[in-house]
Amino acid sequence: MGNAQVADMKLLQALVFFLHLFYVQSDKELKGLDRGFGDDIKWVSWDDTFSTAKLLNKPMFLLIHKSWCASCQASSSTSSTFCSTET
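Residue numbers (mature numbering (1 follows the signal peptide of the UniProt record, and there is no 0)): -26 to -1, 1 to 61.
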């Protein structure tokens, strides 16, 4: 390998390292039950979902998302998707 290829490889390794750090940090920021979708809703863990719904006689709302999903990010608390908690 030439010097230019070695330099390119080191640059690529550094880029991958910093992207990994960014991903790990952003994932740590979303550890609450709301996962960035707002704390105005009483979020319930999966283990408590059925018993809570039965106790309150209310339907369940299942939200499936990933932190890297563009549609999920658009539906987060910065939008008005979950603005009505009475529905």
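The beta-carbon is built from N, C-alpha and C at its ideal position, and this holds for glycine as well.
Looking only at Trp42, Cys43, Ala27, the smallest Cα-Cα distance to Leu36 is reached by Ala27. Collapsing the DSSP output to three states places Trp20 in a helix. Under the DSSP assignment, Cys46 falls in the alpha helix (DSSP H) whose first and last residues are 44 to 48.
Between Gln(-22) and Ser41, the alpha-carbon positions lie close to 34 Å from each other. Across the structure, Val18 and Lys32 are spaced so that their CA atoms are roughly 13 Å apart.
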